Amino acid sequence: MHICFVCREYVPSLRGGGIASYIKEMAENISRNNHKVTVICASDDTRKEYSYIENGVNVIRLSGGDFIIPQVEKKNLINRFRIFYRFFSYRKKILQTIQSIKDIDIIEVPDYGAESYYLKVLKIPIIIRLHASTLILNELISGKKGITKSNWHIYWQGLQEFKEIKRAQYITSCSQAMKEIVVQRLSLIPDKIKVIFNPIKVPHWTSNINFQKLSRKRIRILLPGAVYNLKGGEDLIKACIQLTTTSNQQFELYLIGKKGKFANYLKNKYASYKWIHIPGPIPREEIMKQYVQADIICLPSWWENMPMTCIESMLCGCLVIGSNSGGIKEIIEDGENGFLIPPKSPQALAQKIEYVLNLNEKQINQIRINAHNTILQNFNIDIITSKTIQYYEYVIQHYHNQNNTYKL
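Written as structure tokens, this is what we have:
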């Protein structure tokens, strides 16, 4: 079987995020399972085009992308509108590239970017994978639908993403939570969407169950991920401030990840609290050390799809407190392998942190072991790869039966 992943972001990339990491790990693992894999992605420098083979995966980086990376190309008024004037030309280039390859059996494309726009002319089954489309993510952040001050420049692209999702014959989602939102938002039939979790490479992550005992005096708390309001960073800060006031508990709080205006807002507003640290992003390889050093991982997001930070930290045997909104509740069972709190509630978060700190060592170790085992049993990349390949095989057979075409 020859699988083609289409995605503008692919590791390494300055604009790569969770989608890029997902595709890289899946592509390489599928290749190790003796399938042919091609990734068609964008070059960070949209003036350049090149291809190479890495870990068995044929990677094609196209020029002409409809975005701008300021560290690579100059950001000016014209370039800001590439999302409009390069939208069609770049997606035509994706189509032409696939047509030149000829032997592709199945294509997977993320919802974000609507890069399947021209691919319907191909006689190849196409799967749209739901990660978080532009408008749905914006609605979750702002709580508003339609054109807003924060999304006017990407609203049109978001509409194209919705069109592609609605007309897709095959759809997967990395969480039940995202599936439910898309079904409701776009009035889709639930059975049309297959939930397959995001995977993790188990051998690449430390599985240190026997952590040192909690200091109980100065607790180190980590919130990994981009620093913006949806992640609940300010709620965590308020919760910790409340505990320092009511119970004299001391903390070292780290918000680690990509930062922008919201991170600067937090730094300025809470500058007097020297135990709050917002250092910015760190290499993915270094985050493992941060997980191991932390007493508690807090993920109080207002909404999350299927956060890799939760999966990674639980695999490392961490104590994780997460929001019960979105996909986190599909990973954590409160009190068994971690802890859940309602979003946007600093008081509830403070109470849960205090509850965790009052657990005895036996209870803490059992939760850590349960957290580790949960990820091993449900998110191991070998398990996810097997489920994905089975679904690909079903889609290929169904597609060609439906279209009365013969396929080996």
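Residue numbers 13 to 420, in the working numbering, belong to the letters of the sequence shown in order. All C-beta atoms in this analysis are idealised placements derived from N, C-alpha and C, irrespective of residue type, glycine included. Given the structure is predicted, the values throughout are model-derived calculations rather than measurements.
| Item | Value |
| --- | --- |
| Backbone secondary structure at Ile-379 - three-state DSSP | helix |
| Which of helix, strand or coil DSSP assigns to His-14 | strand |
| Residues near Lys-270 by beta carbon distance below 6 Å, same chain, minus five either side | Ala-238 and Pro-293 |
| C-alpha gap between Leu-89 and Pro-291, whole angstroms | 30 Å |
| Proximity to Ile-201 [Cα-Cα], best of His-216, Lys-213 and Thr-184 | Thr-184 |
| Beta strand (DSSP E) segment containing Cys-53, residue limits | 48–54 |
| Neighbour-count burial assignment, Ile-65, 16 or more Cβ in a 10 Å radius | exposed |
| Status (buried if at least 16 other CB within 10 Å, exposed otherwise) for Ala-144 | buried |
| Opposing strand residues paired with Arg-141 [DSSP bridges] | Pro-122 and Thr-184 |
| Lys-213 classed as buried or exposed, judged by whether at least 16 other C-beta atoms fall within 10 angstroms | exposed |
| Residue burial classification, Arg-380 (beta-carbon count within 10 angstroms, cutoff 16) | buried |
| Classification of Asn-280 by the beta-carbon crowding that lies within 10 angstroms, buried from 16 upward | exposed |
| Residue span of the alpha helix (DSSP H) that contains His-165, given as start and end | That residue, His-165, is in no alpha helix (DSSP H); it is neither H nor E in DSSP. |
| Cβ-Cβ distance between Asp-247 and Glu-173 below 7 Å | no |
| Among Asn-210, Gln-83 and Ile-15, nearest to Asp-57 - alpha-carbon criterion | Gln-83 |
| Length of the line joining the Cα atoms of Lys-286 and Gln-254 | 15 Å |
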